[in-house]
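For the sequence shown, the positions run -16 to 966 when the working numbering is used.
Ideal Cβ placement from N, Cα and C applies to all residues, glycine included.
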Amino acid sequence: MGISSAEWLVAPMVAIEEERAAALLTERFGIEGTLEDLGSNHDRNFRVRTGLDEHGYVFKVFNPVIDRAVLRAQSEATERLARALPELRLPRARVGVDGEHIQTVSVDGQDYDCQLLDYVPGEPIMDSRYLAPRVVARMGELAGRITAGLEGLDIPTPDRPMLWDLRNALEVVEALAPHMVDQRRAERVLRAARAAQQLVERRAARLPVQVIHGDVADNNVVCRTDPDGRPIPVGLIDFGDLTHSWAVAELAVACTSVLHHHGATPASVLPAVRAFHAVRPLVGDELDVLWPLIVLRGCVLVVCGQHAALQDPGNGYATAALDREWAMFEAGASVPAEVMAAHFRQVIGEPAPHSDPPTSSHPLLPELPSEPTVLDLSVTSDALHGGGWLDPDAESAVVARALASGGTAVLTRHGECRLTRTRVDNTEESATLALGVEVHLTSPLAVHAPWVGTVTRHAEHGVTLTAGGLHLVLDGINPAVAVIDGGEAVSGQQLGTVAAQGSWYRLDVQLSRLGTGFAPRFTPPGLDAGWLTMCPDPTGLILPRADRPVADTPTEPESVLLERRVRSFATVQEHYFETPPQIERGWQHHLVDTRGRGYLDMLNNVTVLGHGHPRLVEAVHRQWQRLNTNSRFHYASVVELSERLSALLPDGLDTVFLVNSGSEAVDLALRLAWATTGRRDVVAVEEAYHGWTYAGDAISTSTADNPNALATRPAWVHTVPTPNSYRGPHRGPEAHLYGPEAAAVIADLVRSGRPPAAFVCEPYYGNAGGMALPDGYLEQVYAATRESGGLCIADEVQVGYGRLGSHFWGFEQQGVEPDIVAVAKAMGNGHPLGAVITRREIADAYRSQGYFFSSAGGSPVSSVVGLTVLDVLRDEGLQDNARTVGAHLRTRLLRLADKHPLIGAVHGSGLYLGVEFVRDHETREPATEETAAICERLRELGVLMQPTSDRMCVLKIKPPLCLTTTSADVFVDALDDVLTHGW
-16 MGISSAEWLV APMVAIEEER AAALLTERFG IEGTLEDLGS NHDRNFRVRT
34 GLDEHGYVFK VFNPVIDRAV LRAQSEATER LARALPELRL PRARVGVDGE
84 HIQTVSVDGQ DYDCQLLDYV PGEPIMDSRY LAPRVVARMG ELAGRITAGL
134 EGLDIPTPDR PMLWDLRNAL EVVEALAPHM VDQRRAERVL RAARAAQQLV
184 ERRAARLPVQ VIHGDVADNN VVCRTDPDGR PIPVGLIDFG DLTHSWAVAE
234 LAVACTSVLH HHGATPASVL PAVRAFHAVR PLVGDELDVL WPLIVLRGCV
284 LVVCGQHAAL QDPGNGYATA ALDREWAMFE AGASVPAEVM AAHFRQVIGE
334 PAPHSDPPTS SHPLLPELPS EPTVLDLSVT SDALHGGGWL DPDAESAVVA
384 RALASGGTAV LTRHGECRLT RTRVDNTEES ATLALGVEVH LTSPLAVHAP
434 WVGTVTRHAE HGVTLTAGGL HLVLDGINPA VAVIDGGEAV SGQQLGTVAA
484 QGSWYRLDVQ LSRLGTGFAP RFTPPGLDAG WLTMCPDPTG LILPRADRPV
534 ADTPTEPESV LLERRVRSFA TVQEHYFETP PQIERGWQHH LVDTRGRGYL
584 DMLNNVTVLG HGHPRLVEAV HRQWQRLNTN SRFHYASVVE LSERLSALLP
634 DGLDTVFLVN SGSEAVDLAL RLAWATTGRR DVVAVEEAYH GWTYAGDAIS
684 TSTADNPNAL ATRPAWVHTV PTPNSYRGPH RGPEAHLYGP EAAAVIADLV
734 RSGRPPAAFV CEPYYGNAGG MALPDGYLEQ VYAATRESGG LCIADEVQVG
784 YGRLGSHFWG FEQQGVEPDI VAVAKAMGNG HPLGAVITRR EIADAYRSQG
834 YFFSSAGGSP VSSVVGLTVL DVLRDEGLQD NARTVGAHLR TRLLRLADKH
884 PLIGAVHGSG LYLGVEFVRD HETREPATEE TAAICERLRE LGVLMQPTSD
934 RMCVLKIKPP LCLTTTSADV FVDALDDVLT HGW
């Protein structure tokens, strides 16, 4: 159309003071109220509060360039959507004093059209906070519903081309980019816009055209705030960009607005695409042009925003958006459109169109041995145990071992997510997905052209062979003299020889369908379907199809495995997270999923030593080869473990039972108390969890684990109030009252003729989130219990084994000695192992119940596990590490609490901590939904965390005791990020 920059732009309006606007509002609509300027790029918008209406209105004074017919069309579109989508909140127009929706006012001798619109309750997303996938999906769904709702609507064609109609995008960019202050940025924008336009033009004639809203973007989508604090789109404002355009442009605009939000990547738009397609199916070429349109939208936003800021420097609305607009552009330009189109097809379940590679009439490496060694560098590889995958030279080491074992050629696998590329203590996805293969050789084999093509020298040791839009990219090649840059190669022609790299020779081989020819060797797997479509497997050029390597890595999607789990594994055995990653590797305090995503494990109190500890692996391997049976046989390890355990406890606690789990340990502890005292009644603390056996479940009073816990307790279970010094009836310095109250409950039981057999309690309040009991609490309650003739049971299943840092056992922190100690979890570092330690006379009393036996408890393997755990705890100073790293972590969390009001308290000691979230510091209303959402966002950042307590508002911080200060800082920084930028 050749329209100049001046013709594209809408000149800024004159300023209208709020008092003057109020007078105009009364004059034309008969409404009085207080006005607040809302800001706008081109018009003047005012929030009107009348005091009579709950929500009020918006008074809009339009730029004179806006034709009145356009305003009528906007009203018609709004009414059409109001009928089609009655639940959607919309800015419907009110009539003025003459009964018309559009009124005219005069300001400084200039006439302006104006309207009074219903104020849409809720909040648009005006900042760049993080948007959760659920929120993005709702934006896509809304765009789809708007598109479907406006289909078939006919409106007049405006007299001038629409600035924001993406059909005009390139012309807008070319007209305005020369006016940008930063001409280097302007050149980038121009290049990106022209490339995107080329992709669109090929398909433009086949794209459906209809009336669209044109700006279903974050700042026009009105949201309610859900209980978890997330904004959920429920309404739409600003119909000023209503126009005829490509239907898919509605989705493109919505997706573009996602890209400036904190933590957004191109993959962030996928929930919107999926949700839009579910409402209004994407057809034909729309998937191919969607990403180019997103790029074009970003380009238009940048050039228009820059120009608006230059023309009207006092317009804070325009200048505030400049950084956001550049972020959207950069995200759009960061990934090839072909990759996104292929991945969009996978998202909606449509196969990506692709052409098979040209027939290879000649092998790439004809001298290659027929059976090269195929490396497994995946997350499940047996060649990468012991943390060796973290070594920067891990791949070279695996190759060296393979070649040193007598092989002459080693081949890697295409499409494999390599463990060796996983980075830990990193909140971003690692580039683990291999988009090519490498061949490692002991001699410099000749490299031949597999088909006829054009040869390009892209590097000193790099050659590209191109045929039919497919590029064979070879790196690590000494080009042959006969190879001419830009010349043709015939099938079978020698292109060169494999170049030396260190002690052997290496050739990198990649196929690319990208227009540029070049793709990264590795990429994060978030867009795996798109990248693998554009970079197909080149292995067939190297090996006959029958010899192609098959990956050992699970190939089915994680969602399919989850469906199998639901079908075969009882669902009451719940899993963490809404969409759990498939974890197949652990090392120290990190876990890795099948896509090579590394996670900081901040909740796994079972693996006290950390995951995959080599000393434990070796001890179990050695013992299992030697002997594993049950404890009725006579062997040394069961004796040694029993002696080691009793030596860690006060004198008198000298007799050990070995069991399989914490539940068994607590159950046995209760049975010992019953047998010893001849009584049945037990006193337990409210909001506690002690296991799933009949007896353990009976005394478990946590409603988080069992909503009916208190109502379904048997009559022999009696509870004392939760000694919660943060949110219980006695807080802070008044917490000392809990001890006498609990003692009084026991005294009342004695008076009623039901003296307890035992009092059972975690010596450090774990289920509440790692909270210390009030000073002197157990001393008082233990005294009352013993005075009644009962026994005192310490449930050390979670807190014991040095986790507190300052003490090995939780009861030591209270200065008491129990009669029975139950322990598990850390005792086996993930192996099913627990113990009950007590006095000899109590243990002997059990004979009145018969004999005791646990098949795996105390087996030779289990005993060796227990001994090794104790050895490593001692030798590696893990209790001291819990003290020092835990103190550092607690200090940083307390600083975080000063910054973020959602944090009500930081509980705990050592590496047994809890961060409690509250909505109000006075009422201490639990932020339950927010806590769950925060845990989901932390998972996305590579930190595994879960809520605890009966209110599920406390972060359960119980990592392996090998946690480092660096990793503790990663956790706190990630939590700070979430609390700052949203979840």
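Subject >> According to DSSP, residues forming a beta bridge with CYS206 >> reply: GLU106 and PRO216
**OP:** Kindly indicate which residue of PRO427, GLY451, GLY469 and GLU471 has the alpha-carbon position closest to the one of ILE460.
**Re:** PRO427
Original post:
Between GLY753 and the rest of its own chain, which residues show a CB-CB distance below 6 Å, the 5 nearest in sequence each way excluded?
Top reply: HIS890, GLY891, TYR895, LEU896 and GLY897
Original post:
LEU242: buried (16+ other C-beta within 10 angstroms of its C-beta) or exposed?
Top reply: buried
Subject >> Spatial distance of ARG973 from GLN832 (CA atoms) >> reply: Nothing in the structure corresponds to residue 973, since the chain is present only between -16 and 966.
Original post:
Can you list, in chain order, the residues of its chain whose CB lies under 7 Å from that of ALA681, leaving out five sequence neighbours each side?
Top reply: ARG696, PRO697 and VAL700
Original post:
To the nearest angstrom, how far is it from the Cα of SER12 to the Cα of ILE195?
Top reply: Before going further, note that residue 12 is Phe rather than Ser in the sequence given. In a straight line, the C-alpha of PHE12 is about 29 Å away from that of ILE195.
**OP:** Enumerate in chain order the residues of its own chain whose CB-to-CB distance from ALA187 is below 6 Å, with the five nearest sequence positions on each side excluded.
**Re:** none
**OP:** Check whether the segment 402 to 409 touches the segment 563 to 583, taking contact to mean three or more Cβ pairs, one atom from each stretch, closer than 8 Å.
**Re:** yes
Original post:
In whole angstroms, what separates the C-alpha of GLU412 from that of PRO503?
Top reply: 15 Å
Original post:
Rounded to a whole number of angstroms, what is the C-alpha to C-alpha distance between VAL31 and GLN166?
Top reply: 42 Å
**OP:** Taking only the alpha-carbon atoms, compute the straight-line gap between GLU0 and LEU21 and give it to the nearest angstrom.
**Re:** 12 Å
**OP:** Just list the alpha helix (DSSP H) runs in the segment 553 to 631, keeping only unbroken ones of 4 residues or longer that don't cross its boundaries, in chain order.
**Re:** 597 to 609 and 619 to 630
Original post:
Do you know whose CA, among TYR102, ARG578 and ALA687, lies nearest VAL362's CA?
Top reply: ARG578
Original post:
Beta carbon of ALA985, beta carbon of THR506: below 8 Å?
Top reply: There is simply no residue 985 to check, as the chain begins at -16 and stops at 966 in what is shown.
Original post:
Exposed or buried, ASP933, counting other C-beta atoms within 10 Å across all chains shown (16 or more means buried)?
Top reply: buried
Original post:
Around the C-beta of GLU745, are 16 or more other C-beta atoms found within 10 angstroms, so that it is buried, or is it exposed?
Top reply: buried
Original post:
Would VAL181 be called buried (16 or more neighbouring beta carbons within 10 Å of its own) or exposed?
Top reply: Checking the sequence shown, residue 181 turns out to be Gln, not Val. Exposed is the call here.
Original post:
What is the rounded straight-line gap between the Cα of HIS84 and the Cα of VAL183?
Top reply: 38 Å
Original post:
So what does GLU19 bridge to, in DSSP terms?
Top reply: ARG30
Original post:
Hey, is THR395's beta-carbon within less than 8 Å of any beta-carbon in chain D?
Top reply: As a matter of chain content, chain D is missing from the structure shown, which is built from one protein chain.
**OP:** Could you pull out every residue in the same chain whose Cβ sits closer than 6 Å to the Cβ of PRO433, ignoring the five residues on either side in sequence?
**Re:** SER343, HIS345, LEU347 and LEU524
Subject >> ASN691 burial status per 10 Å Cβ neighbour count (16 or more: buried) >> reply: exposed
Original post:
Candidates GLY749, SER837 and GLY813: which alpha carbon is nearest PHE794's?
Top reply: GLY749
**OP:** Would you tell me roughly how many angstroms separate the C-alpha atoms of ALA529 and SER646, rounded to the nearest one?
**Re:** At ALA529, the pLDDT of 49 sits below 50, so the modelled position is not reliable; the number obtained from the coordinates is stated separately. Approximately 52 Å, taken between the alpha carbons.
**OP:** Could you say which of GLY635, ALA725, PRO706 and LEU774 lies nearest to ALA755 if we only look at CA atoms?
**Re:** PRO706
Original post:
Between ALA335 and TYR102, what straight-line distance do the alpha-carbon atoms span, to the nearest angstrom?
Top reply: 44 Å
Original post:
In angstroms, rounded to a whole number, what distance separates the CA positions of HIS227 and LEU7?
Top reply: 32 Å
**OP:** Tell me where the alpha helix (DSSP H) around VAL764 begins and ends.
**Re:** 760 to 770
Original post:
Does the Cβ of TRP607 have 16 or more other Cβ atoms within 10 Å, making it buried, or fewer, making it exposed?
Top reply: exposed
**OP:** Measure the alpha-carbon distance for ASP535 versus VAL549 and round it to whole angstroms.
**Re:** Reliability of the predicted coordinates at ASP535 is poor, the pLDDT of 46 falling under 50, and the value obtained from them is presented with this limitation in mind. The alpha-carbon atoms of ASP535 and VAL549 are separated by roughly 24 Å.
**OP:** Quick one: using the 10 Å Cβ neighbour count with 16 as the cut-off for buried, is ASP584 buried or exposed?
**Re:** buried
Subject >> Alpha-carbon to alpha-carbon, GLY736 and ARG663 >> reply: 12 Å
Original post:
Which one of ASP960, THR867, GLY485 and GLU124 has the shortest CA to CA distance from ARG786?
Top reply: THR867
Original post:
How long is the line joining the alpha carbons of PRO738 and ARG823, rounded to whole angstroms?
Top reply: 23 Å
Original post:
Do you know how far the Cα of ILE940 is from the Cα of PRO537?
Top reply: Here the model assigns PRO537 a pLDDT of 46, short of 50, so the residue's position is not dependable, and the following value carries that caveat. PRO537 and ILE940: Cα-Cα distance of roughly 31 Å.
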